[in-house]
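In what follows, a single structure is set out as structure tokens and then discussed.
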Amino acid sequence: MSESPSPLSERPALLGGLPVRTTGPPSWPLLREEIQSSLMECWQTGDWGRYHGRQIPRLEKLLRDFYEAEFVTLCSSGSSALELALRGAKVEPGDEVIMAAYDFRANFQNITLLGATPVLVDLRPDDFQMDVSQIEAAISNKTKAILISHLHGGVVDVVQARAIADAHQICLIEDACQCQGASYNNRPLALWGDVGIISFGGSKLTTAGRGGAVLTNNATIAQRIKLYQERGNLAYPLSELQAAVLIPQWESLREDHGHRLQSVELLHSLIAQENLLGLSLLKQNGQTSLKERGSHSLSPGYYKVGFRYDVAQWNGLSRELYCEAIRSEGIAFDPGFTALHHASRRYRSLSALPNADLADQQIVGLHHPVLLESAEAINEILVALQKIYRHAEELQEWKAKSI
């Protein structure tokens, strides 16, 4: 039996109530004066129409300094950055690349487009990051690289991954597209690998609509990338205009990163205080195996704040309907990725991938722009969650009637 109608402010927006955030989710990117000023400088100097202006070198220097990377290659996207990294690792047809069975699908596709085979390993059950302990069993005489991706605010065990790669003399590629600003033991995530990649895509923590970068301290890898990228002109270029909008974002990244960390900590504490069952922050920020090694500093990055969603605890409300309902409240939640072994058969694995299956079914992610807003905005997330939780049964009835 459905509960009696409640005031509009207490009813889900999908059921005719008022959304918690009447203006919807915060827009992205932020329209900051520093970005406008940088764009105007690019316009006034004419850099916007040149092959070799002043903005690209400035951005390259910012990234070299931030990551302590000797070589920085700017490019047109995070996906092109991964292709360049794979080519830098000399991945060729017939080779194998080890990666997690739950990852961004374009990473898988980049490997297969080079004629190589992805070898999928499972995830850790607590935080749904790659289970590095499974890598060694997946290594064969065809293994050319290991790809680790930090996802949903989590951090792969980079110490163990680095040790395995070194022991077997295999190139370690680190995908840090979702975690700009993140670090472990005061070392930025991206260069625990032999080569790292970041993305400047339209929704990323620093954005130029499109773009990416490859980072390395390995001169041989850098030379291979340079030889492939420079074909009379650059194969995958980033423009001066894109560099101009990125420069002020990287200058403020550390401050923004700190703000996001505080917002996630507040949200975590609010959910815990309210005992909101069935939605738990993926273990991180002090609870991963990295932190358990000792007192080392772990600072995750939050492009998406990952949660484990338990349908049973939400009275059978499907993950998809939960996301639809919470988005209608002006809160940007979405389901996670589809596990790669569900999307393609062009891979090798040693065994079943049960934790990747769970991640496929359970992960929901909160998009990052709200994390730069006030504590009041973070509290609105809790209000929206409570509203959906209270009306889970009624939402299911509504959905059944609308089909």
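Throughout, my numbering is defined as the position within the sequence shown, counted from one, plus 72. A virtual CB, placed ideally from N, CA and C, is assigned to each residue, including glycine. These numbers were taken from a predicted model, which means no experiment stands behind them.
| Asked | Found |
| --- | --- |
| Those runs of the beta strand (DSSP E) which lie wholly inside the region 160-195 and span at least 3 residues | 168-172, 189-193 |
| Inter-residue spacing [alpha-carbon to alpha-carbon] between residue 379 and residue 236 | 29 Å |
| Residue 382 classed as buried or exposed, judged by whether at least 16 other C-beta atoms fall within 10 angstroms | exposed |
| Simplified DSSP state of residue 387, which is helix, strand or coil | coil |
| Touch test, the region 432-442 against the region 206-216, Cβ-Cβ under 8 Å, three pairs minimum | no |
| Length-filtered (4 minimum) alpha helix (DSSP H) runs lying within the region 376-451 | 391-400, 412-415, 426-434 |
| Same chain, Cβ closer than 6 Å to residue 375, five either side skipped, listed in chain order | 250, 277, 440 |
| CB contact check: residue 311 to chain B, cutoff 7 Å | Absence of chain B from the displayed structure is noted, only one protein chain being present. |
| Contained beta strand (DSSP E) runs [length at least 3] in the region 210-290, N- to C-terminal order | 215-221, 243-247, 267-271, 284-288 |
| Opposing strand residues paired with residue 143 [DSSP bridges] | 288 |
| CB of residue 286 within 7 Å of CB of residue 444, strictly | no |
| Contact set for residue 455: own chain, Cβ-Cβ below 6 Å, skip 5 residues either direction | 92 |
| Where residue 370 sits in the DSSP three-state scheme | strand |
| As assigned by DSSP and simplified to three states, the class of residue 110 | helix |
| Close-in-space but distant-in-sequence residues of the same chain around residue 146 (CB under 6 Å, 5 per side omitted) | 285, 310 |
| Simplified DSSP assignment, three categories, for residue 82 | helix |
| Residue 89 and residue 103 closer than 7 Å at C-beta | no |
| Contact the region 335-343 vs the region 187-195: 3+ CB pairs below 8 Å | no |
| Simplified DSSP state of residue 311, which is helix, strand or coil | coil |
| Identity of the residues DSSP links to residue 302 by a beta bridge | 306 |
| First and last residue of the uninterrupted beta strand (DSSP E) at residue 352 | 351-353 |
| Backbone CA spacing between residue 239 and residue 217 [nearest angstrom] | 13 Å |
| Sequence-distant residues of the same chain with beta carbon closer than 6 Å to residue 384, five excluded per side | none |
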